[in-house]
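Just so we're aligned, residue 6 is where the sequence shown starts under the working numbering, counting upward by one. Right, one structure below, let's go through it.
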Amino acid sequence: MGTDDQLSRTATWAGRVMAAVAALFMITATPISASALEKSQIVQMSKLGIGAESIKGAIDKAGDDFKLTEKDLQDLRDQGVSDEVIAYLKETGHVAGAKKAEGEDQKEGAEQEQAAQEDDDDGAAPAPEPAPGEEDKTFSEEEVRKKIQRAKERQEAERRRQQKLQAAARRLPDADSARRNGRNMEAARIYLKFLSIGPEKESENWYKAKFGLARALFKEGILSGAATPTREVVMAGAQRPHFEEAFRMLEELTARIGYQPPALKDLTTVLVRDLPKNFQNDFNYYLGKYFYDYNNNEQAIEYLDKVNEGSDDYPRAQYLKGVANLAGSVDNKPEALRAFERAIRAGEQQGIADNEIFQLSYMALARVFYEVGLYDVALYYYQKIPRDSSRHAEALFEQAWSYFVKNDYKRALGTFHTLHSPYYEKWYFPDLYILESTVYLNLCRYDYSKQALAKFQKEYLDKRPRLQDFLNETTEPKAYWSKLSSAYDDGGIARSGTVPKMFVNAVLNDLEFFNIYKQIQNLKNEKQALQANIGALGDFGQEVLDRVNNQLDTKIREGGILVQQKLSQIDQELQDWETKATQISFDIDSEERGSIERELQNRETKEARDEGTTLMVVADDWQRWPFEGEYWFDEVSNYRSQQSSKCIDQ
Numbered sequence: 006m007g008t009d010d011q012l013s014r015t016a017t018w019a020g021r022v023m024a025a026v027a028a029l030f031m032i033t034a035t036p037i038s039a040s041a042l043e044k045s046q047i048v049q050m051s052k053l054g055i056g057a058e059s060i061k062g063a064i065d066k067a068g069d070d071f072k073l074t075e076k077d078l079q080d081l082r083d084q085g086v087s088d089e090v091i092a093y094l095k096e097t098g099h100v101a102g103a104k105k106a107e108g109e110d111q112k113e114g115a116e117q118e119q120a121a122q123e124d125d126d127d128g129a130a131p132a133p134e135p136a137p138g139e140e141d142k143t144f145s146e147e148e149v150r151k152k153i154q155r156a157k158e159r160q161e162a163e164r165r166r167q168q169k170l171q172a173a174a175r176r177l178p179d180a181d182s183a184r185r186n187g188r189n190m191e192a193a194r195i196y197l198k199f200l201s202i203g204p205e206k207e208s209e210n211w212y213k214a215k216f217g218l219a220r221a222l223f224k225e226g227i228l229s230g231a232a233t234p235t236r237e238v239v240m241a242g243a244q245r246p247h248f249e250e251a252f253r254m255l256e257e258l259t260a261r262i263g264y265q266p267p268a269l270k271d272l273t274t275v276l277v278r279d280l281p282k283n284f285q286n287d288f289n290y291y292l293g294k295y296f297y298d299y300n301n302n303e304q305a306i307e308y309l310d311k312v313n314e315g316s317d318d319y320p321r322a323q324y325l326k327g328v329a330n331l332a333g334s335v336d337n338k339p340e341a342l343r344a345f346e347r348a349i350r351a352g353e354q355q356g357i358a359d360n361e362i363f364q365l366s367y368m369a370l371a372r373v374f375y376e377v378g379l380y381d382v383a384l385y386y387y388q389k390i391p392r393d394s395s396r397h398a399e400a401l402f403e404q405a406w407s408y409f410v411k412n413d414y415k416r417a418l419g420t421f422h423t424l425h426s427p428y429y430e431k432w433y434f435p436d437l438y439i440l441e442s443t444v445y446l447n448l449c450r451y452d453y454s455k456q457a458l459a460k461f462q463k464e465y466l467d468k469r470p471r472l473q474d475f476l477n478e479t480t481e482p483k484a485y486w487s488k489l490s491s492a493y494d495d496g497g498i499a500r501s502g503t504v505p506k507m508f509v510n511a512v513l514n515d516l517e518f519f520n521i522y523k524q525i526q527n528l529k530n531e532k533q534a535l536q537a538n539i540g541a542l543g544d545f546g547q548e549v550l551d552r553v554n555n556q557l558d559t560k561i562r563e564g565g566i567l568v569q570q571k572l573s574q575i576d577q578e579l580q581d582w583e584t585k586a587t588q589i590s591f592d593i594d595s596e597e598r599g600s601i602e603r604e605l606q607n608r609e610t611k612e613a614r615d616e617g618t619t620l621m622v623v624a625d626d627w628q629r630w631p632f633e634g635e636y637w638f639d640e641v642s643n644y645r646s647q648q649s650s651k652c653i654d655q
C-alpha cells in the first residue's frame, strides 16, 4: 500500500490511542499489517513531536517485514529522526545486514502492546483523550493533528503558568511586609496577582495569599471584599496558622455588615477541640447565634449549650438559649425561665448588672410571667430595669398593662402619668390614653375618661391623615427609606415634614431599623474606601464594588420595606384603637345615664368620697407632690393616683 493511500486512511477511537500512531491515523479495530509502516511515516511522527518510545512502539507493531537500508537510516537522520530511534531500528533487526543486540529478543504479545501504549518520557504532548461521545467517531488526519497540537499548546500554557506562579510566589514576602507596614493596597495587589494565576487550592502559598488579602482589605475597611477570603481561610481548618485571627475577623464582619451567608453552616465541620477553652466558647456562641438568626432553634440550643459557665459569652448564650426555648418549634417555658435566671446570675457574678443582656433577661422573665398571668412576679422583674436604661420606657409601658389587668388602678394611673412626662415623649404609646380612659370609666369618673379620649384624638387620630398621605405617596421602598433615614440623621424630624414626629419615632426606636441603618452606613463607608482604591485592585476591586452596590441596594430596599410595614402597622393599630375609643365613648354615655338614674332612685345614698385632689403620690410613704405638670425624674416610676371610685351602688 502506498504512502498517500496510508495517509488518507481514517480509524475509530478504540481504547487509549498511541501517541505515535495517532499522529498519522487512529488505531482501527483491525491490527495494522506488517507493511503498514513506511520510512516517511517515521519522519512525520518525529516532526510532529511524537516521543521516541511511541515511535518504537509503532516500529514493533510493523513486524519483521518492515526493513530499511543504511541509506534509509541516513535519510532519517537528515530529516531529524533521533539517534535513539535509529539505534532501535538497528537493535530490533529492521535494518538490512544489522543484527539485534546480543541478548535482545523481540517483544511478544502483551509486552509489545504495553510498550506501544506507554506515554513518551521526553515532554511531548500526550495523545488527546476522546471526548464524551467520540469513542465511535472517526477523525481525519487533519483533525487528529489539531487535537495533538492543542494538547501541546495546553502543556506549554501550563508550563508558562507554573513559571508565572513561581515568580508571583517569590513576591509574597514583599506583600506581607507591605501589609505589616500599613501599605494595604500594595499588599492586596500582590496577593491578587498571585491568586489570579490559580495556585493549588489550600496549598501553603494559597493559604498565605488568601489570609494576607483578607487582612489587608479588612484593615482598609473594604469589608465585603475581605468576607469571602476570610471565610475560606477559616474553612481551611483550625490547624492552620491564621485560623483564630481569621475567625475574629469573621465575627467583626457579621457584626458590621451582617455577613452570615448560608455557607457558614459548614463551620460545624471545623474541629476546635484542641484550641484554648476561651476560643472554643466564642466559636460555639458564634455558631449558636448563627443558627438562632436562621430560626434553627434546636441546633442553636445545641451549640449554646457548649458555652461554658464562667466564660464572657455565657450570659449571652443563656439569654439566647432562653429565647430559643420560647420559640414555637421548641416551646419549653420552664427551661427558658431557667436559662434567663442563669444569664442574670452569671451577669451578677461578672459584675455587669447594667449590661444589655442582663436587662434583656429581666424583660424576658417579666414577659413570660405576664403571659401566664403571674402579674406580681412580672412587675418584680420589670422594676429591675434601671431608670437610665433605654429600655426603661418599654418596661414602664408593660408595667402599666400589668397594673391595669390586675385592677391596681392607683398604680396604673401613676404609671400613665409617668409615661406622659417629657422624659418619654419620643416613645409611641397611643394605647396609654385608651387604658387611662378605661380606668377612669371603671372608677365612674366620666369627665376624666372623656378627657383621656379627647387627648387620644388630638395627639394621635388627628395626625393620622398625614401618615396615610405619606403611605399613599409611593410604593417604592427606597423612597420610604430615604425619608426615615434622613429623619434619623436629623434627630427624628422628617425633612419633608410630612410624617408626624411621633410616628417617625415609632420606627426609629425599632431595633431592626437601627441594625439595618448601621449596616447601610458601613456599606457606604466601604464603597468610599473601594472608590478611593479601585485602581490598585483592578478587576477584583470593580467586582467587589459591584457587589457592595448590590448589597447596598438590597439593604436599602429591605429597610424601605421595614419602614413601610412599620408605618402601615401603626396606621392599622390606630384604626383598631379608634374603634376601641368609640366603644368606650358609648360606654361612658351609657354608664353616665345609669349613674344619674341610680342617684335619683337613691337620693339618701351618701355621695361618694370627695372627688379628690389633682395630686399624685410617690412611693409607699405617701409623700405628696403637686400634680400640675411637674415631674420628678428620681420618682417618675413611683407615682400613684389618689383618685377614688365615684360609682354608686344599685
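All residues carry an ideal CB built from backbone N, CA and C; glycine is no exception.
- Annotated three-state conformation of residue 280 is coil, per DSSP.
- Residue state for residue 418 is assigned as helix, using DSSP reduced to three classes.
- Residue 419 and residue 458 have their C-alpha atoms roughly 18 Å apart.
- As computed with DSSP, residue 73 is found in a beta bridge with 100.
- DSSP places residue 268 in no alpha helix (DSSP H); its state is neither H nor E.
- Secondary structure of residue 552 (DSSP, three-state): helix.
- Cα atoms of residue 561 and residue 432: separation of roughly 25 Å, rounded to the nearest angstrom.
- Taking a cut-off of 8 Å for Cβ pairs, the segment 406 to 426 and the segment 551 to 561 do not touch, as fewer than three such pairs fall below it.
- Straight-line spacing of the CA atoms in residue 590 and residue 338 works out to 39 Å.
- Counting only runs of 3 or more residues that sit fully inside the segment 142 to 215, no beta strand (DSSP E) segment turns up.
- Taking the C-beta atoms as reference points, residue 348 is found nearer than 8 Å to residue 323.
- For residue 62, the enclosing alpha helix (DSSP H) starts and ends at 57 to 67.
- The DSSP-derived three-state label of residue 587 is helix.
- The C-beta of residue 510 has 16 or more other C-beta atoms within 10 Å across all chains shown, which makes the residue buried.
- DSSP, read as helix, strand or coil, puts residue 451 in helix.
- Around the Cβ of residue 147, a 10 Å sphere holds fewer than 16 other Cβ atoms; the residue is exposed.
- Burial check for residue 46: the Cβ neighbour count within 10 Å reaches 16 or more, so the residue is buried.
- Fewer than three Cβ pairs drawn from the segment 522 to 534 and the segment 439 to 449 lie within less than 8 Å of each other, which leaves the two stretches out of contact.
- Note on geometry: alpha-carbon atoms of residue 298 and residue 599 lie some 55 Å from one another.
- Using a Cβ distance threshold of 8 Å, residue 286 and residue 328 do not count as a contacting pair.
- Out of 254, 468, 489, the CA that lies nearest to the CA of residue 228 is found in 254.
- The way I'd put it, the segment 263 to 271 doesn't touch the segment 581 to 597; fewer than three beta-carbon pairs between them come closer than 8 Å.
- Judged by DSSP in its simplified three-state form, residue 456 adopts helix.
- In terms of Cβ geometry, residue 51 and residue 85 form a close pair [threshold 8 Å].
- Taking C-alpha positions only, residue 577 is separated from residue 307 by approximately 39 Å.
- Fully enclosed alpha helix (DSSP H) runs of no fewer than 4 residues occupy 338 to 354, 361 to 376, 380 to 387 of the segment 329 to 388, in order along the chain.
- Residue 230: member of the alpha helix (DSSP H) spanning 228 to 240, first to last residue.
- Going by DSSP, residue 52 is part of the alpha helix (DSSP H) stretching over 44 to 52.
- Within the model, the alpha-carbon separation for residue 426 versus residue 398 is close to 11 Å.
- About 11 Å separates the CB atoms of residue 257 and residue 291; that is not less than 8 Å, and the two are not in contact.
- Cβ-Cβ distances below 6 Å link residue 451 to 593, 597 in the same chain, with the five nearest sequence neighbours on each side left out; the list follows chain order.
- For the pair residue 217 and residue 184, the CB atoms are nearer than the 8 Å cut-off.
- Residue 251 and residue 548 have their C-alpha atoms some 22 Å from each other.
- Residue burial is scored here from C-beta neighbours: residue 172 has fewer than 16 other C-beta atoms within 10 angstroms and is therefore classed as exposed.
- Across the structure, residue 489 and residue 384 are spaced so that their CA atoms are roughly 34 Å apart.
- Residue burial annotation: residue 546 is buried, with at least 16 other C-beta atoms found within 10 angstroms of its C-beta.
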